[in-house]
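Residue 708 in UniProt numbering is what sits at position 708 of the sequence shown, and the numbering runs on without skipping anything. Since the structure comes first, as structure tokens, the remarks are kept for the end.
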Amino acid sequence: MTDNFYAPPHSIEAEQAVIGGLLLDDDSSERVQKVLAMLKPDSFYSRPHKILFEEITRMHREQKPVDGLTLFDELERKSLTASVGGFAYIAEIAKNTPSAANIVAYAMQVRETAMERYAINRMTEATELLYSRNGMTATQKYEAIQAIFTQLTDHAKTGSRRGLRSFGEVMEDWVSDLEKRFDPSGEQRGMSTGIPSLDRMLSPKGLVKGSLFVIGARPKMGKAQPLNSRILLADGSWTTFRDVCVGDSLASVDGQPSFVSGVFPQGERDIYRVTFSDGRTVDCADDHLWEIHSNRITGGVDVVDTCRLRDMMECVRYQSRIHVPGISGDFGLPVDLGISPWLLGALLGDGNLAGTPRISMTEPYIIERVRSEVGDDIEVRHVSGCDYSLSHKFSRKLSLTRVMQRLGIYGRMSEIKIIPDIIFSADKQTRIDVLCGLLETDGWVEGNNALRFSSASKFLSDGVKRLVHSLGGVCRMTTKQEPKFSYKGEMRKGMDAHICAIRLPDEVLSHIKSPRLKQKFTAKRIKTSAPVITSVEYIGREECICIMVSHERHLYATDGYILTHNTTLYSQMAINCAVHEKKPALMFSLEMPGDQILEKLVGQKSGINPNIFYLPATNDADDGYQGDYDGDFNRAIETANRLSESDLLYIDDTPGLSLAQIVSESRRIKREKGCVGMILVDYLTLMTAEKADRNDLAYGMITKGLKNLAKELDCVVVLLTQLNRALESRTNKRPLPSDSRDTGQIEQDCDYWVGIHREGAFDDSVPPGETELILRLNRHGNTGTVYCIQANGAIYDTDQQSAEMRRREREEPQSKKKGGF
């Protein structure tokens with residue numbers, strides 16, 4: 001090799017040794033076949049050597065004998081002898097060849113220098129491109145350079161550049177690949193998915209390396225809200241979406257256990273404000289799910305996203321006729337107030353909190369109730385008119401005054417009364433008792449069980465409203481300014497009256513015992529106590545987080561105690577790649593944090609529900625667990641250890657990853673491990689896209705880049721994409737490639753497209769675990785439907801014939817319906 005640093009890398013001696021070895025060695029030897037497969041004419045630096053190797057290759061392809069004389073005859077027939085130095089040079093090469101036995105080593109040296117020359121030329125092009133001022137943007141230049149790197153990788157694998165090649169050259173490579181395919185353990189064998197029925201449909205090729213495999217699925221049963229939106233915890237406290245964590249115990253619709261099972265950053269989303277009849281509002285994303293109730297809906301109940309809810313509210317038939325379920329109020333912790341909760345409410349409603357506590361009472365029931373609530377330690381003494389004082393008989397006892405001081409209400413005049421904060425996070429019965437004390441002393445009933453409460457303190461009325469909401473009721477507050485009243489024949493102006501119009505669930509109303517109120521309750525309820533939706537309005541874009549909750553109805557309580565609704569194939573393919581194919585699987589999760597991915601993988605591989613990792617670490621943790629808690633937990637940990645030891649699963653949960661970052665990380669693993677089996681991206685529209693006129697163009701650039709990455713690394717890229725909810729309005733809700741959200745480019749770029757369909761999401765009569773994997777696009781073979789079962793976060797194959805028969809039986813009565821496909 002030359003010592004001149006600036007000369008292109010080459011080795012004339014190695015090139016001569018290769019040509020000489022081919023002339024001397026047996027044409028059918030394995031060494032010769034390896035060299036012919038390893039090198040191309042472009043691999044040679046010397047032009048005469050290029051001509052000689054090209055002619056030798058052609059003669060082998062035509063099964064002609066190759067030696068110095070036959071080669072010279074072929075060159076002479078084509079008038080090429082002068083171009084290679086004549087017979088004398090051919091004879092000299094053969095004479096000076098050290099040994100034909102080392103021909104493969106000589107060929108490797110020629111190949112290495114050829115690769116270096118090609119890389120120098122391409123990198124020079126890249127440098128010139130960056131220096132040039134040709135109107136291209138920096139992004140466009142980066143994409144062009146990315147294509148150059150792809151070509152460099154192709155050259156490293158094939159020994160020649162891509163471009164126009166003769167049919168014979170293409171066939172030569174094809175025959176070589178064909179031989180490898182016939183070897184079941186060969187590298188050319190397609191990859192499997194881990195689901196036998198799907199693999200059979202993809203046979204005989206399997207998942208062809210260099211392919212883009214797209215999985216389309218409906219958006220998660222998740223709930224996306226802005227970071228500052230609040231969520232109610234089981235202990236009665238509040239946290240924000242910004243601070244919520246997996247495992248947090250939540251207040252639920254019915255008091256049943258519920259916890260956060262997933263937290264997924266969503267980036268910036270379109271935000272809508274949903275307003276309710278009592279003034280409450282909830283801000284949420286466009287595809288946030290709502291469980292709605294109305295007599296105008298078939299079946300009375302439905303689950304819709306915010307966009308669908310907005311469209312419904314524009315129809316007269318739905319206006320003021322849609323409500324969401326009210327919370328049961330079963331949350332909070334028991335508290336020791338030092339005073340009866342009912343008595344606290346009565347004092348706040350109609351009591352004097354300064355000096356010796358007094359309360360105004362005219363109803364005999366109230367007088368008797370106060371005496372029963374205070375017990376023997378406090379004396380209830382009539383002072384004058386309807387006023388009664390409450391004083392301790394024994395000074396050594398904790399005085400009622402000190403209790404009120406501790407609660408922060410002592411000395412407050414009527415216009416600044418408040419409900420202590422501790423009440424709002426107290427258990428349900430405590431909140432009911434406080435509310436009953438307030439209503440029975442300072443409330444009244446109007447038509448249709450419409451309770452009213454009035455106070456000069458806006459703070460107190462706000463507290464009453466909050467209590468009502470926490471118990472599943474509806475409360476609207478209005479202010480009557482400077483009401484007039486008569487005093488000793490003189491009209492005077494009073495303080496503003498803050499009036500609460502209240503509707504409560506029957507279960508809460510049953511705790512009101514005052515005859516004055518009960519006798520005005522009617523037997524028939526005219527209006528629901530649940531919050532009615534009045535409007536849905538777009539308010540802008542904000543960063544959002546989506547959560548998944550474990551409750552079977554996927555409901556949780558957000559601002560104002562409003563209840564709102566809340567990647568299995570992907571992880572199955574990753575596990576199969578690492579465990580069975582024994583090749584690295586790179587998981588780029590832009591939605592789910594790494595620890596949740598780990599739990600999902602462990603659950604999938606072990607067959608154990610990942611929820612086991614969130615049960616409390618107590619001796620009775622397994623009381624509510626169905627199965628052998630200790631055995632299942634140990635099996636899950638053993639599975640995690642085995643997956644860790646394999647060292648073939650990689651997880652990157654960096655939010656907002658760009659295509660360049662995914663390419664860079666994937667190349668790094670390729671260098672370290674020697675190969676990559678699968679690259680899995682969850683999911684497309686969470687990736688950071690380059691600026692473009694339209695979203696579909698921006699994401700189209702990503703799908704093209706991922707396709708190029710699959711070819712460059714000779715692996716399968718699995719891409720998750722969400723489907724538009726518009727498909728839910730069709731009669732046949734099975735997904736199509738055109739349903740992919742924000743991009744129409746996917747159909748053009750992908751080699752496979754699988755839509756995931758769960759009929760149970762639309763039809764309660766269908767078991768929720770029944771799943772259809774619909775292979776709509778397969779550029780390498782058949783298409784069709786594969787039936788599976790999802791359970792405990794895993795996906796399992798099932799009997800295909802039986803599943804097909806069940807589906808046909810369900811669809812038979814609907815066969816005459818119009819629409820769909």
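Even for Gly, the Cβ is constructed at its ideal location relative to N, Cα and C.
Beta-carbon proximity of residue i to residue j, cut-off 8 Å
i: Asp682; j: Gly216; result: no
i: His469; j: Gly351; result: no
i: Ser454; j: Ala497; result: yes
i: Val324; j: Ile533; result: yes
i: Ile359; j: Leu390; result: yes
i: Phe44; j: Val110; result: yes
i: Val434; j: Gly473; result: no
i: residue 850; j: Glu268; result: No answer is possible for residue 850: the residues shown for the chain start at 1 and end at 821.
i: Gln596; j: Val246; result: yes
i: Ile612; j: Asp630; result: no
i: Gly755; j: Arg730; result: no
i: Leu207; j: Ala94; result: no
i: Val786; j: Ile195; result: yes
i: Asp799; j: Cys788; result: no
i: residue 905; j: Leu39; result: Residue 905 cannot be examined here, being either before or after the span of the chain that is shown, 1 to 821.
i: Asp248; j: Leu232; result: no
i: His551; j: Gln790; result: no
i: Ile339; j: Leu400; result: yes
i: Tyr570; j: Leu680; result: yes
i: Glu15; j: His60; result: no
Cβ-Cβ separation, residue j to residue i (assumed contact under 8 Å), whole Å
i: Val253; j: Arg553; result: 6 Å
i: Gly329; j: Arg431; result: 7 Å
i: Pro265; j: Ile12; result: Going by Cβ atoms, the distance from Pro265 to Ile12 rounds to 59 Å, so no, they are not a contact pair.
i: Ala698; j: Ser211; result: With a Cβ gap of about 23 Å, Ala698 and Ser211 do not count as contacting.
i: Met573; j: Val718; result: 6 Å
i: Ser781; j: Leu202; result: Just to set this straight, residue 781 is Gly in the shown sequence, not Ser. About 6 Å; that satisfies the 8 Å criterion.
i: residue 886; j: Phe213; result: The displayed coordinates of the chain run from 1 to 821. Any statement about residue 886 would go beyond what the structure contains.
i: Val374; j: Val380; result: 6 Å
i: residue 825; j: Ile419; result: One cannot answer for residue 825 here, as it falls past the ends of the chain, which runs 1 to 821.
i: Thr113; j: His10; result: 5 Å
Inter-residue Cα distance where the pair is residue i and residue j
i: Asp376; j: Arg412; result: 26 Å
i: Asn134; j: Met701; result: 21 Å
i: Ser99; j: Gly21; result: 7 Å
i: Cys386; j: Ser277; result: 38 Å
i: Leu590; j: Thr688; result: 10 Å
i: Phe72; j: Gly86; result: 8 Å
i: Met491; j: Gln481; result: 15 Å
i: Ile327; j: Ala557; result: 7 Å
i: Thr685; j: Asn228; result: 23 Å
i: Asp652; j: Ala251; result: 32 Å
i: Arg406; j: Ser414; result: 18 Å
i: Pro226; j: Pro357; result: 45 Å
i: Glu672; j: Ser666; result: 10 Å
i: Glu363; j: Ser514; result: 9 Å
i: Glu770; j: Ile416; result: 58 Å
i: Ser802; j: Asp628; result: 31 Å
i: Gly349; j: Arg280; result: 24 Å
i: Trp753; j: Leu36; result: 38 Å
i: Gln140; j: Ala147; result: 11 Å
i: Leu713; j: Ser606; result: 30 Å
i: Lys493; j: Ile499; result: 17 Å
i: Asp749; j: Asp506; result: 58 Å
8 Å Cβ cutoff, residue i in contact with chain D
i: Glu599; result: Looking for chain D here will not work: only one protein chain is present.
Note to self: Three Cβ pairs or more, each shorter than 8 Å: is that satisfied between the stretch 422-433 and the stretch 460-468?
What the structure shows: A contact exists between the stretch 422-433 and the stretch 460-468.
Margin query: If we require 4 or more residues per run, which alpha helix (DSSP H) segments fall completely within the stretch 510-592?
Written below: 515-518, 568-579, all fully within the stretch 510-592.
Check: Any contact of the stretch 50-59 with the stretch 121-131, i.e. 3+ C-beta pairs under 8 Å?
Finding: Flag = no, the stretch 50-59 and the stretch 121-131 do not touch.
Check: How about the stretch 637-655 and the stretch 575-590: do they share at least three Cβ pairs that are nearer than 8 Å?
Finding: These segments touch.
Notebook entry, point to check: Within the chosen definition, does the stretch 500-520 reach the stretch 231-244 through at least 3 CB pairs nearer than 8 Å?
Noted result: Verdict: no, contact absent.
Check: Which runs of the beta strand (DSSP E), 3 residues or longer, sit entirely within the UniProt domain "DOD-type homing endonuclease" (343-473)?
Finding: List check, beta strand (DSSP E) in window: 358-360, 378-384, 387-392, 443-446, 450-455.
Notebook entry, point to check: If we count Cβ pairs, one from each stretch, closer than 8 Å, do we get three or more for the stretch 298-318 versus the stretch 434-447?
Noted result: Touching, no, given that fewer than three Cβ pairs across the two stretches are closer than 8 Å.
Next item on the list: Kindly provide the ranges of any alpha helix (DSSP H) runs that are 4 or more residues long and lie completely inside the stretch 82-117, ordered along the chain.
Entry: Counting only runs of 4 or more, we get 86-96.
Notebook entry, point to check: Fully enclosed by the stretch 743-809, which beta strand (DSSP E) runs are 3 residues long or longer?
Noted result: You should have 752-757, 770-778, 784-791, 794-797.
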